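Protein chains: 2
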Amino acid sequence: MLKNSADYALRRRAEQVIPGGMWGHMDARKLPDGYPQFFSKAHGSRLWDADGNEYVDFMCAWGPMVLGHGNPAIEEAVRRQVAMGDCMNGPGEVMVELAELLTRTIPHADWVLFQKNGTDATTACVTIARAATGRSKILVAKGSYHGAAPWCTPVMNGVTEQDRANLVYFEYNDCESLRQARDRAGKDFAGILVTPIRHDMGREVELANPEFVRCARELCDTDQAPLIIDDVRAGFRLHLGGSWEPYGVRPDLSAWSKAIANGRALAAVTGREWLREAVRSIFVTGSFWYGAASMAAAVATIRTLRDTDGIGRMKTMGERLRSGLDALARKHGVALRQTGPAQMPLVLFEDDPDFEKGNLFCAIALRNGAYFHPRHNMFLSAAHSEDDIDHALEAADAGLRAVAEAAGV
Amino acid sequence: MLKNSADYALRRRAEQVIPGGMWGHMDARKLPDGYPQFFSKAHGSRLWDADGNEYVDFMCAWGPMVLGHGNPAIEEAVRRQVAMGDCMNGPGEVMVELAELLTRTIPHADWVLFQKNGTDATTACVTIARAATGRSKILVAKGSYHGAAPWCTPVMNGVTEQDRANLVYFEYNDCESLRQARDRAGKDFAGILVTPIRHDMGREVELANPEFVRCARELCDTDQAPLIIDDVRAGFRLHLGGSWEPYGVRPDLSAWSKAIANGRALAAVTGREWLREAVRSIFVTGSFWYGAASMAAAVATIRTLRDTDGIGRMKTMGERLRSGLDALARKHGVALRQTGPAQMPLVLFEDDPDFEKGNLFCAIALRNGAYFHPRHNMFLSAAHSEDDIDHALEAADAGLRAVAEAAGV
Chain G
0 MLKNSADYAL RRRAEQVIPG GMWGHMDARK LPDGYPQFFS KAHGSRLWDA DGNEYVDFMC
60 AWGPMVLGHG NPAIEEAVRR QVAMGDCMNG PGEVMVELAE LLTRTIPHAD WVLFQKNGTD
120 ATTACVTIAR AATGRSKILV AKGSYHGAAP WCTPVMNGVT EQDRANLVYF EYNDCESLRQ
180 ARDRAGKDFA GILVTPIRHD MGREVELANP EFVRCARELC DTDQAPLIID DVRAGFRLHL
240 GGSWEPYGVR PDLSAWSKAI ANGRALAAVT GREWLREAVR SIFVTGSFWY GAASMAAAVA
300 TIRTLRDTDG IGRMKTMGER LRSGLDALAR KHGVALRQTG PAQMPLVLFE DDPDFEKGNL
360 FCAIALRNGA YFHPRHNMFL SAAHSEDDID HALEAADAGL RAVAEAAGV
Chain H
0 MLKNSADYAL RRRAEQVIPG GMWGHMDARK LPDGYPQFFS KAHGSRLWDA DGNEYVDFMC
60 AWGPMVLGHG NPAIEEAVRR QVAMGDCMNG PGEVMVELAE LLTRTIPHAD WVLFQKNGTD
120 ATTACVTIAR AATGRSKILV AKGSYHGAAP WCTPVMNGVT EQDRANLVYF EYNDCESLRQ
180 ARDRAGKDFA GILVTPIRHD MGREVELANP EFVRCARELC DTDQAPLIID DVRAGFRLHL
240 GGSWEPYGVR PDLSAWSKAI ANGRALAAVT GREWLREAVR SIFVTGSFWY GAASMAAAVA
300 TIRTLRDTDG IGRMKTMGER LRSGLDALAR KHGVALRQTG PAQMPLVLFE DDPDFEKGNL
360 FCAIALRNGA YFHPRHNMFL SAAHSEDDID HALEAADAGL RAVAEAAGV
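As given, the protein sequences belong to chains G and H, one line each in that order.
Positions 0 to 408 (numbering that gives the first Met the number 0) are the ones given, in order, by the first sequence.
Positions 0 to 408 (numbering that gives the first Met the number 0) are the ones given, in order, by the second sequence.
1) Considering only their Cβ atoms, is the gap separating G/G19 from G/D26 smaller than 9 Å?
2) Is the shortest distance between the beta-carbon of G/G67 and the beta-carbons of chain H less than 9 Å?
3) Need the endpoints of the alpha helix (DSSP H) that G/T132 sits in, please.
4) Per DSSP, what are the beta-bridge partners of G/L226 in this structure?
5) CB G/P250 to CB G/I281, shorter than 9 Å?
6) With 8 Å as the limit, tell me which residues of the region 158-191 of chain G have their beta carbon closer than that to any beta carbon of chain H; keep them in chain order.
7) Round the Cβ separation of G/N138 and G/A207 to the nearest angstrom and send it over; I've been treating them as touching at under 8 Å.
8) By the criterion of Cβ-Cβ separation under 7 Å, what are the contact partners of H/S135 in chain G?
9) Does G/L1 pass the burial test, meaning 16 or more other C-beta atoms within 10 Å, or should it be called exposed?
10) Count the other CB atoms, across all protein chains shown, that sit within 10 Å of the CB of H/N3; report buried if there are 16 or more and exposed otherwise.
11) Roughly how many whole angstroms lie between the Cα atoms of G/S286 and G/T269?
12) Which same chain residues end up closer than 8 Å to G/P418 when comparing Cβ atoms and leaving out the 5 residues on each side of it in sequence?
13) With DSSP as the reference, please indicate the residues paired to G/F348 in a beta bridge.
14) Could you check how far apart the C-beta atoms of G/A148 and G/F169 are, in whole angstroms? I think they sit under 8 Å.
15) Which residue wins for smallest C-alpha separation from G/C151, given the options H/T122, H/Y171, H/L166, H/H145?
16) Give the residues of chain H in contact with G/G90, contact being defined as C-beta atoms less than 8 Å apart.
17) Expressed to the nearest angstrom, what Euclidean distance is found between the alpha-carbon atoms of G/F188 and G/A267?
18) Which chain G residues sit within Cβ distance under 9 Å of H/P106?
19) I believe G/G436 touches H/A254 by the beta-carbon criterion, under 8 Å. Please report the beta-carbon distance rounded to the nearest angstrom.
20) Just mark G/A41 as buried or exposed, buried being the case when its beta carbon has 16 or more other beta carbons within 10 Å.
21) Check whether the Cβ of G/W273 lies closer than 9 Å to any Cβ atom in chain H.
22) Under the rule that 16 or more other beta-carbon atoms within 10 Å means buried, what is H/E92, buried or exposed?
23) Can you grab the Cα-Cα spacing for the pair H/Q179 / H/V212, in whole Å?
24) Based on Cα-Cα distance, which residue from H/G311, H/D396, H/V283 lies nearest to H/C124?
25) Assuming G/A41 is part of the beta strand (DSSP E), what are its boundary residues?
26) Helix, strand or coil, according to DSSP, for H/Y289 in the structure here?
27) Residues of chain H with CB under 7 Å from G/N156, in chain order?
28) Would the region 294-308 of chain G count as touching the region 69-76 of chain G if we require 3 or more Cβ pairs under 8 Å?
29) Does DSSP put H/T303 in a helix, in a strand, or in coil?
30) For the region 47-74 of chain G, enumerate the residues whose C-beta is nearer than 9 Å to any C-beta of chain H, in chain order.
31) Would you mind telling me which residues of chain H sit closer than 7 Å to G/Y289, beta carbon to beta carbon, in chain order?
32) Does the beta carbon of H/C219 come closer than 9 Å to any beta carbon on chain G?
33) Count the C-beta pairs between the region 373-392 of chain G and the region 192-201 of chain G that are closer than 8 Å, then say yes if the count reaches three, no if not.
34) Say whether chain H places a C-beta atom closer than 9 Å to the C-beta of G/G309.
35) Along the region 246-261 of chain H, where does the CB come closer than 8 Å to a CB of chain G? Name the residues.
36) Quick one, which residues of the region 359-377 of chain G are near chain H if we go by CB-CB under 7 Å, in chain order?
And the structure:
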């Protein structure tokens, strides 16, 4: 970071008034040197840092911008709603429209409940499962991220033993481990909470294997305990009906957020009929949960994704990026491990335990105008064009050359 | 509710796709007959239901609309920021501006951390207190509302014993009870979480008494445990520097939300220097927490409140309402109990254990164009004018006449 940069100056100011200057998943100190912390502008598939440097954006605000920054159809829907009213003494008609649209779009969804954050949605799912079963233990995969409340945050500072007392852990994609966890929960088995793909930071993305998916469904069926899919990260990027639709396996509850409203703060829980009374019995709410503007954004986002084959376009562009990177890696004699659905790609390097190659690759690609991430899955949007991908591949070419040179290839 | 109304039709549709048709604090089934569930429009101090009926709004979306619906200065600030970018791969410069503004405005605030919901903020406060002290027990007042996560929601369905295992209860405004709670926490005393006024639903609003305030401060000082003010509901309506500033007693941590950004989803934790390292040690985050638009709204909201004496204007209008209601009550021979700060008034009736008088009063006032609440404190905004108050008093006149007639006065 150049000391005469606007980003550096903002970081200095931020350090005075925010502990550490930044926190959470967007803390740029976790990224290679040169990554900016502050952004001044975003449009479509591009964003600009505080110093005016332009990047093709492969994080999409870590997921939300599924149709690209400032998408005109979404902005227009929000403008129209805001001109009428946003935060009122109850919801607008748009809440019903959105709930109807979601129940039509998502096969398992007999009803919907709205929140603001992904953590709100996963927390509500767990609460509904406990209310429905009268039991407490929720099975979760080791290392899976389900939010940042005390019961699920990955960092234990400030978290009590009691906050985690009702979680039982299993290994993702391991049916036997899941069965053992279910046995450890005993009579107190209240449900399984699972991400639709394994997308833990810093390791290859694994698709769920069909045996594991069936196993989870069966264990839940046997004890009438909800199968909960945490579709916060993958939702609306893999399949509009839910990320396990291609398996033909449906959850009882799903948590959604990130991409649901193209960057407007919104989350949702969808679920099956048998859980309706349990939902009515719990109390969850929030000051801004009924705001009409983010719901108008969600209606427009889901319709646009559906009517323009947004997911198909993201996939095509993700595959163009992937095959382009593979070709470049061969050219430079560098071995890549590309995993994840093409819309949520992860690029790791062989023989790179400390992410040194990945960091170098990303730092050089960044300098050449592509905003990649060295350890976390990335996100395509429906705004990415062939030109964007080709521009990013030029930046990647420079990054891979640097990796090859550093390795003495 | 008339069966040919738009509101009725929306409720029927909502029942299909949302458990019970509605949930949370804005569920209109908790209000007297005739209260609408859905709203179509809001402007300044007025809002319109789905059938086009207009009301002077005394709930302000249950707090957020502190400058009135669609305030032009706030809307313009949001428009400008949205045109640049909202949800990006990091915050905008406006995050630093807002944090600087808050630390200048709030005397105890050496730093700021942002979230989306009030519950996020109170949860972060409790986590910071535990991280800072290495202890677990948080003292909270019986019946105080601190949010709707399992550890604090007022309804226990779906909540486990462990979720509440680290709370120790005291009676609000009772120093001896607070001391006893502190003793019960023993060596595990991690802090006190308290609302700045007692604003529990359905009972008179009580201001904190100075002895209680001092007592809380002293207990925290003795053990270096944070004193946490939950200023989510009262914040930015009583005193811009924090609701206990008039007592000369400052907290170590405060939670803010509702009025901070005039209806845009935002929350904040502010705190003292000695807690900075504890904040750095915990992990809290959310997909939309760094969005620039709601932060731009907050900068504009706080500046407008400060530069136009927004709090003073709300207080003046609240007092006009209160004295007007008192005069009308005398005229009709009805005994009212008016409590709370004038900006957050509560109107209860003497000898009304089941809120029958309050419900009748509100139902009739509603029909005459004033949206009051029979059991929860109400909210004034800086957009309320003398005309609004006088119009509302005419509606109240009709309501009080109905109460007098029903009581045979």
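Glycine included, C-beta positions come from ideal geometry on N, C-alpha and C.
It should be emphasised that the depicted structure is a prediction, and the values quoted were computed from it without experimental measurement.
By the coordinates alone:
1) On the first sequence, position 27 is the one that residue 26 of chain G refers to. On the first sequence, position 20 is the one that residue 19 of chain G refers to. Yes, Cβ-Cβ distance for G/D26 and G/G19 is below 9 Å.
2) By 1-based counting over the first sequence, the position of residue 67 of chain G is 68. No, G/G67 does not count as interfacial toward chain H.
3) Indexing the first sequence from 1 puts residue 132 of chain G at position 133. Segment 117-132, the alpha helix (DSSP H) holding G/T132.
4) On the first sequence, position 227 is the one that residue 226 of chain G refers to. Answer by DSSP bridge pairing, in chain order: G/I191.
5) Position 251 of the first sequence holds residue 250 of chain G. Position 282 of the first sequence holds residue 281 of chain G. Their beta carbons are not under 9 Å apart, which means G/P250 does not touch G/I281 by this criterion.
6) V158, T159, Q161, D162, A164, N165
7) As a working note, residue 138 of chain G is residue 139 in the first sequence. As a working note, residue 207 of chain G is residue 208 in the first sequence. Looking at the sequence shown, residue 138 of chain G is not Asn but Leu. Their Cβ separation, rounded to whole angstroms, is 15 Å, which puts G/L138 and G/A207 out of contact at 8 Å.
8) Along the second sequence, read from residue 1 onward, the residue named residue 135 of chain H stands at position 136. The contacting residues are T159.
9) As a first step, residue 1 of chain G is located in the first sequence; it is residue number 2 there, counting from the start. Burial call: exposed.
10) Residue mapping note: residue 3 of chain H aligns to position 4 of the second sequence, counting from 1. By the 10 Å Cβ count, H/N3 comes out exposed.
11) On the first sequence, residue 286 of chain G is found 287 positions in, with the first residue counted as 1. On the first sequence, residue 269 of chain G is found 270 positions in, with the first residue counted as 1. So the two alpha carbons sit approximately 21 Å from each other.
12) This structure does not reach residue 418 of chain G, given that chain G is present from 0 up to 408, and the question cannot be answered.
13) One-based indexing of the first sequence puts residue 348 of chain G at position 349. BP columns for G/F348 point to G/L335.
14) As a first step, residue 148 of chain G is located in the first sequence; it is residue number 149 there, counting from the start. As a first step, residue 169 of chain G is located in the first sequence; it is residue number 170 there, counting from the start. With a Cβ gap of about 21 Å, G/A148 and G/F169 do not count as contacting.
15) As a first step, residue 151 of chain G is located in the first sequence; it is residue number 152 there, counting from the start. Comparing Cα positions, the closest option is H/T122.
16) Taking the first residue of the first sequence as position 1, residue 90 of chain G is located at position 91. Looking at the sequence shown, residue 90 of chain G is not Gly but Pro. Result: M21, M25, Q36, F37, F38.
17) Mapped onto the first sequence, residue 188 of chain G falls at position 189. Mapped onto the first sequence, residue 267 of chain G falls at position 268. Each residue's alpha carbon lies about 24 Å from the other.
18) Counting from 1 along the second sequence, the entry for residue 106 of chain H is found at position 107. Under the 9 Å cutoff, chain G gives no residues; its nearest Cβ is about 14 Å from H/P106.
19) Outside the displayed range of chain G (0 to 408) lies residue 436 of chain G, so it cannot be described from this structure.
20) The sequence position of residue 41 of chain G within the first sequence is 42, counting from 1. It is buried - the Cβ of G/A41 has at least 16 other Cβ atoms within 10 Å.
21) The count along the first sequence starts at 1 and reaches residue 273 of chain G at position 274. Chain H, which has no Cβ nearer than 9 Å to the Cβ of G/W273, makes this no.
22) Along the second sequence, one-based indexing puts residue 92 of chain H at 93. Classification of H/E92: buried, given that the 10 Å Cβ count is 16 or more.
23) Within the second sequence, residue 179 of chain H is the residue found at index 180, counting from 1. Within the second sequence, residue 212 of chain H is the residue found at index 213, counting from 1. Using only the alpha carbons, I get a separation of about 16 Å.
24) Within the second sequence, numbered from 1, the residue matching residue 124 of chain H stands at position 125. It is H/V283.
25) Residue mapping note: residue 41 of chain G aligns to position 42 of the first sequence, counting from 1. That run of the beta strand (DSSP E) goes 38-42.
26) Taking the second sequence and counting its residues from 1, one reaches residue 289 of chain H at position 290. Note: H/Y289 maps to coil in three-state DSSP.
27) As a working note, residue 156 of chain G is residue 157 in the first sequence. Result: A130, S280, I281.
28) yes
29) By 1-based counting over the second sequence, the position of residue 303 of chain H is 304. Of the three classes helix, strand and coil, the one that applies to H/T303 here is helix, per DSSP.
30) W47, D48, A49, Y54, D56, M58, C59, A60, W61, G62, P63, M64, H68, G69, E74
31) Taking the first sequence and counting its residues from 1, the one referred to as residue 289 of chain G is at position 290. Correct list: M25.
32) Taking the second sequence and counting its residues from 1, one reaches residue 219 of chain H at position 220. Not one chain G Cβ lies under 9 Å of H/C219.
33) yes
34) By one-based count along the first sequence, residue 309 of chain G stands at place 310. Not one chain H Cβ lies under 9 Å of G/G309.
35) S256, K257
36) Y370
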